[in-house]
Amino acid sequence: MDEHRRLAKEIELAAAPEQVWRAVSTPEGMSVWFVPHEQTDGRIEADFGGGSTQMGQVLEHEPGRRIVYGAPGPDGAPPMTIEFLVEGGEGGTTVLRLVQSGFFGGDDWEAEYDGFGAGWEMFLHNLAEYFRHFAGLPVANVIATGFTDRPGAAVWADLLARLGADPAIGERVRLAPEGVEPVEGAVDLRGGMLLGVRTRDGLVRFMVDDLHRMVSTTQYFYGVAVDRASRTAAWQSWIDRLTGDGAS
């Protein structure tokens, strides 16, 4: 990993600084737009689904303004760090800046960098959508992840076929994946191998990561009672069929 390689993102949010601060500095806040987080004895665990977790800790902390998280690097390499800066904007808005440092060296580092960039674009968009449509509501997370030997483009085409749609941004859709509840709402994210739908109760995302041969759905249900275990099992089964069947 190279600690001099940095990725920076910035977004203006329709929320007060204290709301944004809670969203980036608490496990409950991180869970509403990123992935489920838990904190125990100063250690933070992020759950990316399918049994994949990442441990980290707070390295620096300036209440209300700045927080830096760090995750261990492999084989004694420098840690990967994620810094959030919160600043009040105009008209009651808040500017959130994110800086991620430390990327794997080698031939794939540019693809790794681009992949993280695309991921943060999605997650920051989630945060904007949360404040715009669901602010203040608690979240129930459903995540399913799988891996495949097939090329990403083939898996993505298969995924869209199994959803029964290849919609454009802004289009209203009713996705009908086999074995799970339909997904109805407006397409709020679309690009590359990424599809996002904002439903009445939350956000649903589908993504294929070609570099890591990974397929995932990340779902957020706000202010509603959800059986997380059964929904996660159903979606994990759907992902497993997608990654295991090899073809539609």
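The numbering of the sequence shown is our numbering, which starts it at 278 and goes up by one. All C-beta atoms, glycine included, are put in the ideal place defined by N, C-alpha and C. Here the structure is a predicted model, which means the values were calculated and not measured.
Exercise for review: Could you round the C-beta distance between Leu290 and Phe408 to whole angstroms and report it? I think they count as a contact, below 8 Å.
Suggested key: On the sequence shown, residue 290 is found 13 positions in, with the first residue counted as 1. On the sequence shown, residue 408 is found 131 positions in, with the first residue counted as 1. Leu290 to Phe408, Cβ: 5 Å. Contact.
Review point. What is the C-beta distance between Arg320 and Gln331, in whole angstroms, given that I count them as a contact (C-beta under 8 Å)?
Key: Locating residue 320 in the sequence shown gives position 43, where the first residue counts as 1. Locating residue 331 in the sequence shown gives position 54, where the first residue counts as 1. The beta-carbon distance between Arg320 and Gln331, rounded to whole angstroms, is 11 Å. This is too long to meet the 8 Å contact definition.
Point to revise | Straight-line Cα distance separating Arg283 from Val416 | key: Sequence index remark: in the sequence shown, residue 416 carries index 139 (1-based). Sequence index remark: in the sequence shown, residue 283 carries index 6 (1-based). Val416 and Arg283: Cα-Cα distance of roughly 30 Å.
Practice item. Give the DSSP bridge partners of Ala293, in chain order. Key: Numbered from its first residue, the sequence shown carries residue 293 at position 16. Under DSSP, no beta-bridge partner is assigned to Ala293.
**Study point:** Gly523, buried or exposed, once every other Cβ within 10 Å from all chains shown has been counted against 16
**Key:** Locating residue 523 in the sequence shown gives position 246, counting from the first residue. Unreliable positioning characterises Gly523 in this predicted model, as indicated by a pLDDT of 49, which lies under 50. The coordinate reading is nonetheless provided below. It is exposed - the Cβ of Gly523 has fewer than 16 other Cβ atoms within 10 Å.
Review point. Can you round the beta-carbon distance between Gly473 and Val464 to whole angstroms, since I take them to be within the 8 Å contact cut?
Key: Taking the first residue of the sequence shown as position 1, residue 473 is located at position 196. Taking the first residue of the sequence shown as position 1, residue 464 is located at position 187. In this structure Gly473 is in contact with Val464, their Cβ atoms being roughly 7 Å apart against a cut-off of 8 Å.
Review point. Beta strand (DSSP E) containing Asp486: first to last residue?
Key: Translated into the one-based positions of the sequence shown, residue 486 becomes position 209. Asp486 -> beta strand (DSSP E) spans 479-486.
Point to revise | Cβ separation of Leu437 and Leu519, assumed to be a contact under 8 Å, to the nearest whole Å | key: As a first step, residue 437 must be located in the sequence shown, where it is residue number 160. As a first step, residue 519 must be located in the sequence shown, where it is residue number 242. Contact flag wrong, Cβ pair sits at about 11 Å.
Exercise for review: Would you kindly work out how many angstroms separate the C-alpha atoms of Phe393 and Asp478, rounded to a whole number?
Suggested key: Walking along the sequence shown from the start, residue 393 turns up at place 116. Walking along the sequence shown from the start, residue 478 turns up at place 201. Cα to Cα, the separation comes out at about 27 Å.
Check your understanding: Which runs of the alpha helix (DSSP H), 4 residues or longer, sit entirely within the region 390-448?
Key -> With a minimum length of 4 residues, the continuous alpha helix (DSSP H) runs that stay inside the region 390-448 are 429-440.
Review point. What whole-angstrom Cβ distance do Pro459 and Arg449 have, given they're in contact under 8 Å?
Key: If you number the sequence shown from 1, residue 459 lands on position 182. If you number the sequence shown from 1, residue 449 lands on position 172. That pair is no contact at about 13 Å.
Check your understanding: For Val537, does the three-state DSSP call read helix, strand or coil?
Key -> Lying outside 278 to 525, the shown extent of the chain, residue 537 is not represented and no answer is given.
Check your understanding: Ordered along the chain, which non-local residues of its own chain (more than five positions away) have a Cβ less than 6 Å from that of Ala453?
Key -> Locating residue 453 in the sequence shown gives position 176, where the first residue counts as 1. Once the five neighbours on either side are set aside, the close Cβ partners of Ala453 are Gly441, Pro459.
Exercise for review: For Val243, name the three-state secondary structure that DSSP assigns.
Suggested key: Only positions 278 to 525 of the chain appear in the structure, and residue 243 is not among them; the question remains open.
Point to revise | Top-ranked residue by Cα proximity to Gly521, from Arg505, Val432, Gly469 | key: Stepping through the sequence shown from its first residue, residue 521 is reached at position 244. That would be Val432, whose Cα lies nearest to the Cα of Gly521.
Point to revise | DSSP three-state assignment for Met307, whether helix, strand or coil | key: Numbered from 1 along the sequence shown, position 30 holds the residue referred to as residue 307. Note: Met307 maps to helix in three-state DSSP.
Check your understanding: Under the rule that 16 or more other beta-carbon atoms within 10 Å means buried, what is Pro340, buried or exposed?
Key -> Within the sequence shown, residue 340 is the residue found at index 63, counting from 1. With a 10 Å radius around the Cβ and a threshold of 16 neighbouring Cβ atoms, Pro340 comes out exposed.
Check your understanding: If you run the structure through DSSP and keep just helix, strand and coil, what is Asp517?
Key -> Here the question's residue 517 lines up with position 240 in the sequence shown. Helix at Asp517.
**Study point:** Phe498 versus Ala285 - alpha carbon distance
**Key:** Here residue 498 refers to the residue found at position 221 when the sequence shown is read from its first residue. Here residue 285 refers to the residue found at position 8 when the sequence shown is read from its first residue. Rounded to the nearest angstrom, the two C-alpha atoms are 28 Å apart.
**Study point:** Closest residue to Gln513 among Arg342, Val492, Phe400, Pro304 (Cα-Cα distance)
**Key:** Taking the first residue of the sequence shown as position 1, residue 513 is located at position 236. Taking only the C-alpha atoms, the option nearest Gln513 is Val492.
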